[in-house]
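This report refers to the structure that appears directly beneath it.
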Amino acid sequence: MEDPLPEFSFSELDPDPARDAVVAAFLAADPDGTRTARIFRETFDQLYDGQHTGRFRWDQLFKTEKTHYGTLLEINLRREFDDVIDDGELLDYRVLGEDIDCKYSQIMGGWMLPPECFGHLLLVGTASDSDGTWSLGVVRASSENRRSSENRDGKTGLNARGRRQIAWLQLDAPLPPNVLLGLDPEALAAI
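Residue numbers for the sequence shown follow my numbering, so the first one is 932 and each next one is one higher.
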């Protein structure tokens, strides 16, 4: 997006007790990110459906399938973290009484924010199967953290300040490997 994400510490974030409590709840449930990493991996594999389609790489998917990744991730995170996440009343989830919208983007910072999430917390994620990384964090979609421009649907994104306000649960954490990506062409053809 506009600028790369700088290094930061939690002390550099604006105070937001609700955000910090949600982050603490997720970190207590998954301190090293193992559960979340597994969900990102399983969501890739679910979308590829290699057993039926023969596909195993992101670039083999259609645009609509890539768009569907975010929906599958939202569902899979909800199932995995039923000890943390409740069904949302206004948005996707409720955690500790806070409404939270789950947003995924193929590119860091590319999350599209609809008007109904403005002012609420966001669980934002991104992942790259080819790079073997994933990231997940929590940020508030406050007016200070959003771009002033909107598309015709009223959606916008986080501005540079907002991207710096993300409290990361994990940032560029290792994704369980897609073993097929590391095979030579002959082995792939045999499979």
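Beta carbons are placed, not taken as given, at the ideal position from N, Cα and C, and that holds for glycine.
Inset, instruction - With distances taken Cα to Cα, identify the nearest neighbour of ASP1032 among ASP947, GLY1050 and MET1039. - result: GLY1050
Legend entry - Simplified DSSP state of GLN1101, which is helix, strand or coil: strand
Legend entry - Cβ shell of GLY1063 (< 7 Å), same chain only, five flanking positions each side left out: PRO1105, LEU1106 and PRO1108, listed in sequence order.
Legend entry - Rounded straight-line distance, which links the Cα of ALA1058 to that of LEU944: Using only the alpha carbons, I get a separation of about 23 Å.
Legend entry - Distance between LEU978 and ASN1082 (C-alpha atoms, nearest Å): Straight across, the Cα-Cα distance linking ASN1082 with LEU978 is about 28 Å.
Inset, instruction - May I have the straight-line CA-CA distance separating ALA949 from PHE993, to the nearest angstrom? - result: 38 Å
Inset, instruction - Would you mind giving the Cβ-Cβ distance between VAL1070 and ALA1091, rounded to the nearest angstrom? I have them listed as a contact below 8 Å. - result: With 8 Å as the limit, VAL1070 and ALA1091 do not qualify as a contact, their Cβ atoms being about 12 Å apart.
Inset, instruction - Label LYS904 either buried or exposed according to how many other C-beta atoms from any shown protein chain fall within 10 Å of its C-beta, with 16 as the threshold for buried. - result: Nothing about residue 904 can be read from this structure; the chain reaches only from 932 to 1122.
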